[in-house]
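Visitor: Input: one structure, supplied below.
There are 2 protein chains.
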Amino acid sequence: MERRADFIADQLERRIFDGTFSDGERLDEVQLAAQFGVSRTPIREALQRLTQSGLIELIARRGAFVRQPGPVDLLDMFEVMAELEAVCARLAAERITDAALARLADANARCSRCVPKGDVDGYYRENAIFHAIIYQQSGNAFLEAECLKLHRRLQPFRRNQLRLRGRLAQAMGEHEAVLAALREGDGEKAAATLRQHVAVQGEKFRIMLASRTAAAE
Amino acid sequence: MERRADFIADQLERRIFDGTFSDGERLDEVQLAAQFGVSRTPIREALQRLTQSGLIELIARRGAFVRQPGPVDLLDMFEVMAELEAVCARLAAERITDAALARLADANARCSRCVPKGDVDGYYRENAIFHAIIYQQSGNAFLEAECLKLHRRLQPFRRNQLRLRGRLAQAMGEHEAVLAALREGDGEKAAATLRQHVAVQGEKFRIMLASRTAAAE
DNA sequence: AAAGCTATTCTTGTATACAAAACGTTGACT
DNA sequence: AGTCAACGTTTTGTATACAAGAATAGCTTT
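Sequence order for the protein chains is A and B.
Using this note's numbering, read the first sequence as starting at 1 and increasing by one per residue.
Using this note's numbering, read the second sequence as starting at 1001 and increasing by one per residue.
Here's what the structure looks like:
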């Protein structure tokens, strides 16, 4: 919306993602205002924008508190992401165009070229394109928007997952399987494959949760 | 968040829903401020809150514009609602408690008592509870929250649908089928039944869209 | 007379000043 | 000494004042 509030919201979002702000921390308006060299007004607008993404919780007359998702939250979010992508795949299987299939194959090819180089950043970029094409080809603009929103929100937590040994190659195989199912127009197969592909990324947090609850006993 | 901004956001939301503000209309800040007897500040905060629900589009240095969803948008949203509820049902089939099954049966019983009386409001209230229990029993708090958000957003468009002849009785039957599937722990059956139950509500807008495109040719 | 440019005005974006509520601290009372 | 209450401080919520960009209208020019 506004120039400065927009910029500030982006900056704050980045700092929440990279852990500069820890969970539960209260963000002081005047302090942030001084830090950005602006008044409290654009700070407050930025904070409101961030509640929208769920990164911040705004409690009346108490202030803005950083809301870092815990393992349980992340597990839930990955589960929903997996289901939403599965829906996209199922719908796309019937609605996808030949041109889009070609673009999917392209993104996949560029993806696989990154694997031997160990180019995680490059892989991640092309991977995002691959998924975005499937969202779009669902033919449902609302679904597409929701998927992009959640994908973006989970981004920082998914990157770590990609660095695990052998995960890149495995993911490539899953991409190929999804593409093949879409080519065949087999919606259920595409959905199941993509659901599993995404659900795997949540496993890390399931393990983290399991070890934590075990330690608490 | 804030007392007045919160109230104002609710009021504006109501006016958008009931059609007081038409699609594309620009909302003047000073005019609204005068109308509510407050300054521009809480008005601006309320408007920001409404962008979050997608009811308003905020364009930089141009103002706030009402975004009434068209038939295409509604069709997409109902499709996503159907899929999300299907996911809830599938997950709930494995995770639901006996107590929750009893509450579902209760809500259903209260629902069916409203049908012969033609009590649409009562039906709608109990119907919302029925669906909310299924969201909750998915065991996924994030999914539950997303479902509640979308359900709430679609509320004004669903009510009209309920007034169609025979729809209430038909919907009751679908509720019973979902409950039965959940009792059996048959996730796929519960998902398919609930998906269809919700998808029917989007049909009205598909017809509206079809007649509109036909008229344009 | 029409088109383009400029100036004025209207509206949004930001800063500051003020009000009210919540928190912490200190003091009095039991 | 402990607890509760009142006061002061800090911080959020709201109002108003100011700045900057966008729309519009009027003027000039061709």
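Heads up, the beta-carbon is just placed ideally off N, CA and C, and yes, glycines get one too.
Mind checking the segment 78-111 of chain A against chain B and listing, in chain order, the residues whose C-beta falls within less than 9 Å of any C-beta there?
Guide: GLU79, VAL80, GLU83, LEU84, ALA86, VAL87, ARG90 and LEU91
Visitor: Which same chain residues, not among the five before or five after B/ARG1014, have their C-beta less than 7 Å away from its C-beta?
Guide: none
Visitor: By the three-class DSSP mapping on this structure, what secondary structure does B/LEU1084 have?
Guide: helix
Visitor: State whether the segment 1066-1086 of chain B contacts the segment 1162-1173 of chain B, with contact taken as three or more CB pairs (one from each stretch) at a distance under 8 Å.
Guide: Put simply, the segment 1066-1086 of chain B does not touch the segment 1162-1173 of chain B. Fewer than three CB pairs are less than 8 Å apart.
Visitor: Are at least three pairs of beta-carbons, each pair with one atom in the segment 1194-1214 of chain B and one in the segment 1139-1151 of chain B, less than 8 Å apart?
Guide: no
Visitor: Relative to the alpha-carbon of B/GLN1201, which residue among B/CYS1088, B/LEU1075 and B/LEU1209 has its alpha-carbon at the smallest distance?
Guide: B/LEU1075
Visitor: Specify the secondary structure class of A/ALA64 as computed by DSSP and reduced to three states.
Guide: Looking at A/ALA64 - three-state DSSP - the assignment turns out to be strand.
Visitor: On the DSSP bridge assignment, give the partners of A/ARG26 in chain order.
Guide: A/PHE65
Visitor: Taking B/GLN1048 as the query, report the chain A residues whose CB atoms sit under 9 Å from its CB, ordered along the chain.
Guide: MET1, GLU45, GLN48, ARG49 and GLN52
Visitor: So, for B/ILE1129: in the same chain, excluding its five sequence neighbours on each side, which residues have a beta-carbon less than 7 Å away from its beta-carbon?
Guide: ALA1107
Visitor: Quick check on B/ARG1061: buried or exposed, where buried means 16 or more other Cβ atoms within 10 Å of its Cβ?
Guide: exposed
Visitor: Any beta carbon of chain A sitting closer than 8 Å to that of B/LEU1143?
Guide: yes
Visitor: Out of curiosity, what's the CA-to-CA distance linking B/ALA1099 and B/GLU1176?
Guide: 17 Å
Visitor: Quick one: is A/ASP28 near chain B, going by C-beta distance under 8 Å?
Guide: With its beta carbon at least 8 Å from every one in chain B, A/ASP28 lies outside the interface.
Visitor: For the putative contact between A/GLY187 and A/ARG90, defined by C-beta atoms under 8 Å, what is the C-beta separation to the nearest angstrom?
Guide: 4 Å
Visitor: Please look up how many angstroms separate the CB atoms of B/ARG1084 and B/LEU1150, rounded, as I've assumed it's under 8 Å.
Guide: Correcting the residue type first, residue 1084 of chain B is Leu in the shown sequence and not Arg. About 7 Å separates the two Cβ atoms, so the contact holds.
Visitor: Less than 8 Å between the beta carbons of B/LEU1154 and B/PHE1078, yes or no?
Guide: yes
Visitor: Give the straight-line distance between the Cα atoms of B/ALA1082 and B/GLN1196, rounded to the nearest whole angstrom.
Guide: 7 Å
Visitor: Identify, in the order they occur along the chain, each residue of the same chain with its Cβ nearer than 6 Å to the Cβ of A/ARG26, setting aside the five sequence neighbours on each side.
Guide: GLY63 and PHE65
Visitor: Restricting to Cα atoms, I'd like to know which of B/ASN1140, B/GLY1139 and B/CYS1114 is closest to B/ALA1171.
Guide: B/CYS1114
Visitor: Starting from A/LEU58 and walking both ways along the beta strand (DSSP E), at which residues does that stretch end?
Guide: 56-59
Visitor: Mind checking whether B/GLU1029 and B/ILE1016 have CB atoms under 8 Å apart?
Guide: No; because the gap between Cβ atoms is not below 8 Å, this pair is not in contact.
Visitor: Any C-beta of chain B sitting closer than 8 Å to the C-beta of A/GLU146?
Guide: Yes, its Cβ sits closer than 8 Å to a Cβ of chain B.
Visitor: How many angstroms separate the CA atom of A/ARG159 from the CA atom of A/LEU50?
Guide: 22 Å
Visitor: What does A/ASP73 reach in chain B if we use C-beta pairs closer than 8 Å?
Guide: The contact set of A/ASP73 on chain B, defined by CB atoms closer than 8 Å, consists of ALA1141 and PHE1142 in chain order.
Visitor: Could you tell me how far apart the beta carbons of B/LEU1104 and B/ILE1059 are, in whole angstroms, since I believe they sit closer than 8 Å?
Guide: Actually they do not touch by this definition, with Cβ atoms about 44 Å apart.
Visitor: In chain order, what residues of the same chain have a beta carbon less than 7 Å from the beta carbon of B/CYS1088, not counting five sequence neighbours either side?
Guide: ILE1134, TYR1135, SER1138, LEU1143 and CYS1147
Visitor: Mind listing the chain A neighbours of B/ASP1076? Cutoff is C-beta to C-beta under 8 Å, in chain order.
Guide: ASN140, ALA141, PHE142 and LEU143
Visitor: In its own chain, which residues sit with a C-beta less than 7 Å from the C-beta of B/ARG1206, not counting the 5 before and 5 after it?
Guide: Here the set comprises LEU1075.
Visitor: Per DSSP, what kind of secondary structure is B/THR1097 in: helix, strand or coil?
Guide: coil
Visitor: Can you tell me which of the three DSSP states A/ASP106 falls into?
Guide: DSSP places A/ASP106 in helix when its eight states are reduced to three.
Visitor: Less than 8 Å between the CB atoms is what I'm expecting for A/ALA33 and A/SER39, so what's the real figure, rounded?
Guide: 6 Å
Visitor: Does the Cβ-Cβ distance between A/GLY185 and A/GLU94 come in under 8 Å?
Guide: yes
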